[in-house]
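So the protein sequences, as listed, match chains A and B.
Counting the first sequence from 1 gives a position; the numbering used here is that position plus 1429.
Counting the second sequence from 1 gives a position; the numbering used here is that position plus 1007.
Below: one structure, written as structure tokens.
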Amino acid sequence: MVRGSSWPTFLPADVDDFAALYAAHPQATIVAGATDVGLWVTKFLRDISPAIFIGHLDGLKEISERTAPKFASAPG
Amino acid sequence: MLVGRLTPEGLRYEPVNACIRFLATVDGCHVVTVEHLRGPDGGMTAVQKAMVEHHGSQCGFCTPGIVMALYALWMAHPKPSVAQVEEALQGNLCRCTGYEPIVKAALAASAYGGPERAIRCWPSATR
């Protein structure tokens, strides 16, 4: 949590930390790039707290594609 | 402003719109505002000199943002193409001069100095 902020603001250390924070604060605004969210605040004065910032998380910077595992269908 | 981040390739700077940038998103980054810019002699940077010489500033409202955008471009591409200049200025709006003198300044910036000492000429955080 960012200390000194008047709004609850979180900077998770990694993806697992983010998952735990989001589970604890499911109503949180998740912010990555934030161009649109920035305008929510500056133009609409919207309260986005609590906010979880994830733009720095290396674990979310890549999407990989894998072949889905095959499952045997249940008889029936 | 410029935001410098450590990447596997080294410290990389990108221009961002300070007005909508949340403080938390620059955690651990080197934040450089237009007030930080200095040339090697303590005066104007090459980009600023080029902006003056080519009359790239009129009312001045957009000038800090344009200088920072062009500074980032100059660091990465000292001799940019027109397309690279136009791309670098996509986030900046000027209502006074039109873009022609600003583009000319960007194309001419390297004539006023290269970016070899760009990082070192920024003052430290203790300044």
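Think of the CB as a built atom: it goes at the ideal place given N, C-alpha and C, for glycine as much as any other residue.
Burial state of residue i, where buried means 16 or more other Cβ atoms lie within 10 Å
i, result
"B/P1015", "exposed"
"A/D1445", "exposed"
"B/L1044", "buried"
"A/P1498", "exposed"
"B/L1096", "buried"
"A/D1500", "In the sequence as presented, Asp is not what sits at residue 1500 of chain A; that position holds Phe. Counting Cβ neighbours within 10 Å, A/F1500 comes out exposed, since fewer than 16 surround it."
"A/A1452", "exposed"
"B/G1120", "buried"
"B/L1013", "exposed"
"B/P1130", "In this prediction, B/P1130 scores a pLDDT of 45, lower than 50, which makes its location untrustworthy; the coordinate-derived value is nonetheless stated afterwards. Classification of B/P1130: exposed, given that the 10 Å Cβ count is below 16."
"A/P1437", "exposed"
"B/C1103", "exposed"
"B/R1134", "Unreliable positioning characterises B/R1134 in this predicted model, as indicated by a pLDDT of 35, which lies under 50. The coordinate reading is nonetheless provided below. B/R1134 comes out exposed."
"A/T1496", "exposed"
"B/F1068", "exposed"
"B/A1125", "buried"
"B/L1018", "exposed"
"B/L1009", "buried"
"A/A1442", "exposed"
"A/D1487", "exposed"
Cross-chain neighbours of residue i in chain B, by beta carbon under 9 Å
i, result
"A/F1482", "F1029, A1031, T1032, D1034"
"A/L1468", "I1027"
"A/T1438", "F1029, L1030, A1031"
"A/T1458", "Neighbours of A/T1458 on chain B: none; closest Cβ ~10 Å, over 9 Å."
Interface residues of chain B facing residue i [CB-CB closer than 8 Å]
i, result
"A/A1463", "I1027, R1028, F1029, T1032"
"A/H1485", "T1032, D1034, G1035"
DSSP beta-bridge partners of residue i
i, result
"A/A1453", "DSSP, once it has assigned bridges, lists no residue as partnering A/A1453."
"B/L1018", "B/L1013"
"A/F1439", "A/I1481"
"B/H1037", "B/G1011"
"B/I1109", "DSSP, once it has assigned bridges, lists no residue as partnering B/I1109."
Under 7 Å from the C-beta of residue i: neighbouring residues of chain B
i, result
"A/T1565", "An answer regarding residue 1565 of chain A cannot be provided, because it is not within the stretch 1430 to 1505 covered by chain A."
Assumed close pair residue i, residue j - CB separation to whole angstroms, cut-off 8 Å
i, j, result
"B/P1022", "B/A1079", "4 Å"
"A/L1440", "A/F1482", "5 Å"
"B/W1081", "B/A1115", "In fact, because the Cβ distance is near 11 Å, the residues do not count as touching under 8 Å."
Chain E within 7 Å of residue i, Cβ atoms only
i, result
"A/I1477", "The structure shown contains no chain E; its protein chains are A and B."
Residue i beta carbon near the ligand SAH (any heavy atom closer than 6 Å)
i, result
"B/Y1078", "The ligand SAH is absent from the structure shown, which contains no ligands of any kind."
*Spell out a yes or no on whether the stretch 1457 to 1477 of chain A and the stretch 1492 to 1499 of chain A are touching, meaning 3 or more CB-CB pairs, one atom from each, closer than 8 Å.*
no
*Decide yes or no for the touch test of the stretch 1054 to 1063 of chain B against the stretch 1096 to 1109 of chain B: beta carbon pairs closer than 8 Å, at least 3 of them.*
yes
*Cβ contact (3+ pairs, closer than 8 Å) linking the stretch 1069 to 1082 of chain B and the stretch 1031 to 1045 of chain B*: yes
*So, do the stretch 1082 to 1090 of chain B and the stretch 1098 to 1105 of chain B have three or more beta carbon pairs nearer to each other than 8 Å?*
no
*Quick check: the stretch 1454 to 1472 of chain A against the stretch 1023 to 1030 of chain B, are there 3 or more CB pairs under 8 Å?*
yes
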